[in-house]
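Asker:
Number of protein chains: 2
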Amino acid sequence: MDLYVGVDLGGTNLHAAIADADGRIVAERTEPTLSHEGPPGVLMRMARLVHQLAETAGRRPVACGVGVPGFLNLAAGTTKFLPNLPTNWIDVPVREMLAAQIGCPVFLLNDVRTATLGELVFGHGRQANTMAFFSIGTGIGGGIVVDGKLRLGPVGAAGELGHQIILPDGPRCGCGNRGCLETLASASAIAAEGVRLLLSGQTPKLYEIAGGDPGQVNTKTMAQAAREGDSRVAEAIVRAGQYLGIGVVNVVVTLHPDLVVVGGGAAAIGDLLFDTVRTTVQQRIGMFPADDMRIEPSLLGERAGILGAVALAIRGEQLTVRCCHLL
Amino acid sequence: MDLYVGVDLGGTNLHAAIADADGRIVAERTEPTLSHEGPPGVLMRMARLVHQLAETAGRRPVACGVGVPGFLNLAAGTTKFLPNLPTNWIDVPVREMLAAQIGCPVFLLNDVRTATLGELVFGHGRQANTMAFFSIGTGIGGGIVVDGKLRLGPVGAAGELGHQIILPDGPRCGCGNRGCLETLASASAIAAEGVRLLLSGQTPKLYEIAGGDPGQVNTKTMAQAAREGDSRVAEAIVRAGQYLGIGVVNVVVTLHPDLVVVGGGAAAIGDLLFDTVRTTVQQRIGMFPADDMRIEPSLLGERAGILGAVALAIRGEQLTVRCCHLL
């Protein structure tokens, strides 16, 4: 039985897993990325992680998929621009360097497109023809599946659903634009509003949970504070959910997917977020007939990225040169 | 040589053409829709139009395509809801009734999806893999092509690009929602702002061209006034173009088409509109790499709808039952 290894290259952690063709994880391991060491050090640590997993599994993987947080040159297997890794990742031949170190073919893909692939191959997407995936984390990433195929566009950048413009004169985004969905509904945007509320003394529960420390304000502590009665915190989450619902509407009028999946850390907020997204879509979909469309939390949860990287290892050969789609 | 007939059912006019498989029009004719007469009268007049064209061409068509302004039950060949035709078009079996009257198979499709099909089969779309079509008229309709296939979604409603939400608290839309692109950049929205400017005395040229009559204010008279020096009118067009550019950005981040086509009556505004759309997309696309994407006026212009209806007649057999896509 062939084994495949998936690596999720994150700004903070390297997360890797070795699994079979059905996505059953045999061994799994996380290490700090230590990105300040730059590409050679990070790649060396990724290779070591793969070797350790192969040792645990008792078998070498036949292929490796890597989810990378940023833009890639898919045809060349190089990184183009990784906004969340501080050192220089421009034109690093990750595919070639890593393949030489681990001794098997390596496939690269944007991290959230990778998570979308995970959801497509091993999650809710197995039942979907057309699917949109929103990953709500530090930013908002995404992925689009049409006819059961992950759509990458000519340079692998299709599916950047967090950079839809929702407020033309809204907050400045990391991408240089204004009012992107990411500026309004990402975990960072939600936490920033939580910090503002905390500092202005409007959130007794959140203050208690976070010990008064703005550094402890995040979607997890905020979700708890909302559940325990902080109405202002609940409002902040609802507002983000409404913007996210608008982002979903915009994808629905364009493509009418049968399935919208919301993943990433903020999906753990749970019902308060999902109920708001669903209600907003119902209210704002206008005369558009979309009763049949489901909006679901990721079936794979935190493992969407790593199982997507495994799926990428399995199906990476099918990446076309123009990279219009995968699978 | 087989001939095909295409009919564009408009709120004001019925426009029909008979053409060969290459889209060469043999005969063409327009008649008032007289929609107040209701479905039987309108269908009778459509059938007469087809008979007249067949007589002119000296041959009966082998199939008929009809572009319909609204939502359809594609599987049943019935109308569901036509917002711009005043009488009751709910559940009218247009496909069956018209086929019986003209003696050949009939295929129905939303009018702007039909125009998209025209552009795909006979226009700029011949060179495109993934294309978005925006039709700027009374409303804003659209269509999406992925992998050379017109995407319809499960109920034929994918591609409603005018109902993207661009301003969450914006003007009320005919669809029931607020701040849809259509409320900000349709020919009606542009004309409404022209009327406001005219009535507030800010547009000497437009006043002259329209003879002071608000009823004469439209995108055509406004484009002329802008060219002749009415800076406020030019600003109104630029503002609509900026919103349209934002609508284009939102489709680009989602799908990264290689081609965006803008058609419909307002496309005749020309450079002032297109330059604004292109500039806005360049400014607002953020770090997204989209240098290769073209934004073009429809190659078929006013005939996109009617040639799309001809294309529908030619390829209608390929409409799948679930109607996920065409061709």
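These protein sequences, in sequence, are chains A and B.
My numbering numbers the first residue of the first sequence as 16 and each following residue consecutively.
My numbering numbers the first residue of the second sequence as 16 and each following residue consecutively.
C-beta atoms are modelled at their ideal positions from N, C-alpha and C, and glycine is treated no differently.
Indicate the three-state DSSP secondary structure (helix, strand or coil) for arginine 337 of chain B in the structure shown.
Answerer: Here arginine 337 of chain B scores only 44 on pLDDT, less than 50, and its place in the model should not be relied on; the value that follows carries that caveat. Reduced to three states, the DSSP call for arginine 337 of chain B is coil.
Asker: What separation, rounded to the nearest whole angstrom, lies between the Cα atoms of isoleucine 284 of chain B and leucine 97 of chain A?
Answerer: Their backbone Cα atoms lie some 41 Å apart in a straight line.
Asker: For glycine 140 of chain B versus valine 161 of chain B, is the C-beta spacing smaller than 9 Å?
Answerer: Result no, Cβ atoms of glycine 140 of chain B and valine 161 of chain B do not sit closer than 9 Å.
Asker: Could you tell me which chain B residues have their CB closer than 8 Å to the CB of aspartate 273 of chain A, listed as they occur along the chain?
Answerer: Ordered by position in chain B, the residues that pass the 8 Å Cβ test against aspartate 273 of chain A are Pro169.
Asker: Given a limit of 8 Å on CB to CB distance, which residues of the region 252 to 267 of chain B reach chain A?
Answerer: Cβ contacts with chain A come from Gln257, Tyr258, Ile261, Val264, Asn265 and Val266.
Asker: Give the straight-line distance between the Cα atoms of arginine 63 of chain B and glutamate 46 of chain B, rounded to the nearest whole angstrom.
Answerer: Answer to the nearest angstrom: the Cα atoms are 10 Å apart.
Asker: Valine 264 of chain A to glutamine 297 of chain A, Cα distance in whole Å?
Answerer: Going from the Cα of valine 264 of chain A to the Cα of glutamine 297 of chain A covers about 9 Å.
Asker: So with CB distances below 7 Å, who are the chain A contacts of aspartate 307 of chain B?
Answerer: Within 7 Å Cβ-Cβ: Pro169.
Asker: Taking a Cβ distance cut-off of 9 Å, strictly less, list which residues of the region 126 to 155 of chain B are near chain A, in chain order.
Answerer: If the cut-off is 9 Å between Cβ atoms, the region 126 to 155 of chain B has Asn144, Thr145 and Ala147 near chain A.
Asker: Suppose only complete runs of 3+ residues qualify. What are the beta strand (DSSP E) ranges in the region 38 to 113 of chain A, listed by chain order?
Answerer: Runs found: 40 to 47, 78 to 83, 86 to 88 and 93 to 96.
Asker: Span of the alpha helix (DSSP H) holding asparagine 265 of chain B?
Answerer: Looking at the DSSP string, the run of the alpha helix (DSSP H) that includes asparagine 265 of chain B is 246 to 270.
Asker: By the three-class DSSP mapping on this structure, what secondary structure does leucine 29 of chain A have?
Answerer: Leucine 29 of chain A falls in the strand class under three-state DSSP.
Asker: Flag valine 336 of chain B as yes if its beta-carbon sits less than 9 Å from any beta-carbon of chain A, otherwise no.
Answerer: Note that valine 336 of chain B scores 43 on pLDDT, short of 50, meaning its location in the model is unreliable; the coordinates nonetheless yield the value given after this. For valine 336 of chain B, the answer is no, since every Cβ of chain A falls outside 9 Å of its Cβ.
Asker: Compare the C-beta of proline 76 of chain A with all C-beta atoms of chain B and state if any pair is closer than 9 Å.
Answerer: For proline 76 of chain A, the answer is no, since every Cβ of chain B falls outside 9 Å of its Cβ.
Asker: Could you tell me if threonine 27 of chain A is buried or exposed, where buried requires 16 or more neighbouring beta carbons within 10 angstroms of its beta carbon?
Answerer: Counting Cβ neighbours within 10 Å, threonine 27 of chain A comes out exposed, since fewer than 16 surround it.
Asker: Measure the Cβ-Cβ separation of alanine 69 of chain A and alanine 324 of chain A and say whether it is below 9 Å.
Answerer: No, these two residues do not count as a Cβ contact at 9 Å.
Asker: Can you pull the chain B residues whose beta carbon is under 8 Å from the beta carbon of glutamate 175 of chain A, in chain order?
Answerer: Neighbours of glutamate 175 of chain A on chain B, chain order: Val268, Thr269 and Phe303.
Asker: Have a look at aspartate 306 of chain A and glutamate 175 of chain B and give me their C-alpha separation to the nearest angstrom.
Answerer: If I take the Cα positions, the gap works out to 16 Å.
Asker: Would a C-beta distance cut-off of 9 Å place alanine 326 of chain B and leucine 135 of chain B closer than the cut-off?
Answerer: In contact: alanine 326 of chain B and leucine 135 of chain B (Cβ atoms closer than 9 Å).
Asker: Tell me the start and end of each unbroken alpha helix (DSSP H) in the region 270 to 313 of chain B that is at least 4 residues and wholly inside, in chain order.
Answerer: Listed in chain order, they are 286 to 299.
Asker: Could you tell me the distance, in whole angstroms, from the CA atom of methionine 59 of chain A to the CA atom of arginine 318 of chain A?
Answerer: The straight-line gap from Cα to Cα measures roughly 23 Å.
Asker: Could you pull the DSSP bridge partners for valine 161 of chain A from this structure?
Answerer: Its beta-bridge partners are A/Lys164.
Asker: Starting from methionine 146 of chain A and walking both ways along the beta strand (DSSP E), at which residues does that stretch end?
Answerer: Segment 146 to 151, the beta strand (DSSP E) holding methionine 146 of chain A.
Asker: Have a look at the DSSP bridge pairing and note the partners of tyrosine 222 of chain A.
Answerer: In DSSP, tyrosine 222 of chain A forms no bridge with anything.
Asker: Using a Cβ-Cβ cutoff of 9 Å, what residues of the region 24 to 39 of chain A are near chain B? List them in chain order.
Answerer: Listed by position, the residues of the region 24 to 39 of chain A near chain B (Cβ gap below 9 Å) amount to none.
Asker: Could you give the DSSP three-state label for glycine 133 of chain B: helix, strand or coil?
Answerer: Glycine 133 of chain B falls in the helix class under three-state DSSP.
Asker: In three-state DSSP terms, what is isoleucine 180 of chain B?
Answerer: Reduced to three states, the DSSP call for isoleucine 180 of chain B is strand.
Asker: Would a check of beta-carbon distances place isoleucine 159 of chain B closer than 9 Å to chain A?
Answerer: Judged by the 9 Å Cβ criterion, isoleucine 159 of chain B is in contact with chain A.
Asker: Of all Cβ atoms in chain B, is any one closer than 9 Å to the Cβ of glutamine 179 of chain A?
Answerer: Chain B contact via Cβ: present.
Asker: Between the alpha carbons of valine 77 of chain B and cysteine 119 of chain B, how many angstroms are there, rounded?
Answerer: Between valine 77 of chain B and cysteine 119 of chain B, the C-alpha separation is close to 6 Å.
Asker: Since isoleucine 155 of chain A sits in a beta bridge, which residues does DSSP pair it with?
Answerer: Per DSSP, A/Ile151.
Asker: Could you name the residues of chain A that asparagine 192 of chain B contacts, counting a contact when the two beta carbons are closer than 7 Å?
Answerer: Here the neighbours are Arg299 and Gly301.
Asker: How far does the beta strand (DSSP E) with glycine 21 of chain A in it reach, from first residue to last?
Answerer: Start and end: 19 to 24.
Asker: Residues of chain A with a CB under 8 Å from the CB of arginine 10 of chain B: which are they?
Answerer: Past the boundaries of the shown model lies residue 10 of chain B; chain B is included only from 16 to 342, so the question cannot be answered.
Asker: For my contact list, glycine 331 of chain A and threonine 129 of chain A are in at a C-beta cut-off of 8 Å; report their separation, rounded to the angstrom.
Answerer: No, glycine 331 of chain A and threonine 129 of chain A are not in contact; Cβ-Cβ is about 11 Å, not under 8 Å.
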